[in-house]
Structures are given as C-alpha cells and as structure tokens.
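Counted the way numbering that gives the first Met the number 0 counts, the sequence shown spans residues 0 to 89. Note that CB positions come from ideal geometry on N, CA and C, so glycine has one too. It should be emphasised that the depicted structure is a prediction, and the values quoted were computed from it without experimental measurement. A short worksheet on the structure shown next.
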Amino acid sequence: MAAINLKERDGLHGRLSDVQCPILWLHGTSDAVYSLSNAKEEIQLFVNAASKEIVTVEGGAHFLRATHPNEVGRALVGFVERQKNWKLES
0 MAAINLKERD GLHGRLSDVQ CPILWLHGTS DAVYSLSNAK EEIQLFVNAA SKEIVTVEGG
60 AHFLRATHPN EVGRALVGFV ERQKNWKLES
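This is the structure:
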C-alpha cells in the first residue's frame, strides 16, 4: 500500500530510470504486503541501474530487518563487497 501511495504522490516510478547505481532488492518469501512477482516486475523499472539483484529470504516478512536481521546483514555485506569498486560514470 505504501508503495502505491508513493507512486501516486511522488511519481516514484517515473524517476526510477534515473537510478544508475547497483540495486539490491531483499524480499521475504512470507511478505504478505508485496509479492515476489511484484518485486520481480518492479526491479525491472530500474532500467539504467548498473546491476539488479533480488535476494529472497526464506520465511521473511515485510520488515526483513526485524524478522531476519542476520540474513539481511549477510546479504548487505555481500552486496557491498561485490560492488565496492563501482563508480558512477559521467
């Protein structure tokens, strides 16, 4: 619901093509708010991102940091490690 509100209020989807940095999308398999199919569709809106990656967390709910902090931490550290040499090209 919040994503829908942001999309309409702020034109969020219209600005995603401006994002050029690597994208990491963490998604819990038990997220009752946002489905994995939604995540797979939405990440494709980052058309100019350097890379796009979805990581699913088994049993994770909508607020992954609360339900699965260790998995989130590992995913973030791994992502940062893989992207540490990325630079925005002019």
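CB residue i to CB residue j, shorter than 8 angstroms?
i, j, result
"I53", "A65", "no"
"E70", "V56", "yes"
"A60", "L23", "no"
So the candidates are the options; which of them puts its Cα closest to the Cα of residue i?
i, options, result
"H67", "H26, V18 and G10", "H26"
"R14", "V32, I42 and L87", "I42"
"V46", "N84, P21 and W85", "P21"
In whole angstroms, what separates the C-alpha of residue i from that of residue j?
i, j, result
"H12", "D30", "21 angstroms"
"K51", "S34", "17 angstroms"
"G77", "G10", "31 angstroms"
"M0", "S16", "The predicted position of M0 is uncertain, since its pLDDT is 48 and thus under 50; no value can be drawn from it."
"L87", "R81", "15 angstroms"
Below 8 angstroms on the Cβ atoms is my contact criterion, and I expect residue i with residue j to pass it. Report the Cβ-Cβ distance as a whole number of Å.
i, j, result
"V18", "A48", "5 angstroms"
"T28", "G72", "With a Cβ gap of about 18 angstroms, T28 and G72 do not count as contacting."
- request: Would you list, in sequence order, the uninterrupted beta strand (DSSP E) runs of no fewer than 3 residues that lie entirely inside the region 45-73?
  value: Secondary structure within the region 45-73: the beta strand (DSSP E) runs of 3 or more consecutive residues, fully enclosed, are 51-56 (chain order).
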